[in-house]
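>
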Amino acid sequence: MAPIVSDDYKEKKRQDILDSAMICFAKKGYETTTVDEICKQSRVSKGTIYTYFKSKAEIYMDLMERQTIDSVTKINSILVSLPTTFEKLDFLFSVYDKDYSEVTIGELVVNLEFKLHSSRHPEVNEKLSAMRQKYTVVYIKEIIEVGQKNGEINQNCSAEIYAEVFWTILHGVFMQLVHKDYPYHEVLKEMKELFYERMKVK
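Here my numbering is used: position 97 in the sequence shown is 97, and no number is missing along the way.
1) Between the alpha carbons of Ser77 and Asp70, how many angstroms are there, rounded?
2) Which word fits Tyr9, buried or exposed, when buried means at least 16 other C-beta atoms lie within 10 angstroms of its C-beta?
3) Between which two residues does the alpha helix (DSSP H) harbouring Tyr135 extend?
4) Go ahead and label Lys134 buried or exposed: buried means 16 or more other beta carbons lie within 10 angstroms of its beta carbon, across all protein chains shown.
5) Does DSSP classify Lys200 as helix, strand or coil?
6) For Ile153, list the residues DSSP reports as bridge partners.
7) Closest by CA to His185, which one among Lys98, Asp62 and Glu37?
8) Helix, strand or coil: how does DSSP classify Ile4 here?
Written out as structure tokens, the structure is:
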């Protein structure tokens with residue numbers, strides 16, 4: 001008879017595997033990392049890995065979701081204290097407007113690699129798109145809609161489209177960090193000002 005393990009034990013084991021996978025992905029990238037290497041790093045068998053995850057792609061998506069939830073939770077704890085829509089947006093821009101380490105840029109490369117991978121796998125791409133909608137687009141759309149109700153933001157701006165524009169600015173500029181001489185802070189500042197100019201009530 002197989003030993004009975006608690007839900008807490010299972011969740012801890014699952015998180016341990018995710019931690020180990022993050023180390024492997026950071027070292028070798030998404031495509032090059034194998035499930036065997038994740039097994040070795042986490043000191044579990046391949047059977048144990050597949051007890052918790054269906055595939056390497058699912059491991060990476062769960063890892064992304066965990067990191068996103070952690071970030072959103074921290075950000076929300078600050079946003080609730082900011083009274084205006086533009087103060088909220090200012091803070092969100094400031095989260096990205098910082099100097100990044102080589103480790104963070106390495107994680108960016110892995111993320112880009114996974115997005116390319118997902119474009120060739122419809123099921124993975126569908127899940128990734130759903131995650132993006134839930135944690136990014138809808139999130140900003142709601143902030144913009146509140147700003148429109150309060151008279152801070154132009155009613156002619158589509159909240160959904162401008163939520164997409166917001167993330168296109170941040171992610172688009174952020175991706176350029178792979179180029180060492182890219183004037184990241186200056187470009188982000190200019191893009192933010194253009195974004196605000198279109199949204200302000202005339």
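Even for Gly, the Cβ is constructed at its ideal location relative to N, Cα and C.
A quick look at the data gives this:
1) Using only the alpha carbons, I get a separation of about 11 Å.
2) Tyr9 is classed as exposed because its beta carbon has fewer than 16 other beta carbons within 10 Å across all chains shown.
3) That residue, Tyr135, is in no alpha helix (DSSP H); it is neither H nor E in DSSP.
4) Classification of Lys134: exposed, given that the 10 Å Cβ count is below 16.
5) Three-state DSSP puts Lys200 in a strand.
6) BP columns for Ile153 point to Lys200.
7) That would be Lys98, whose Cα lies nearest to the Cα of His185.
8) DSSP places Ile4 outside both helix and strand once states are collapsed to three, so it counts as coil.
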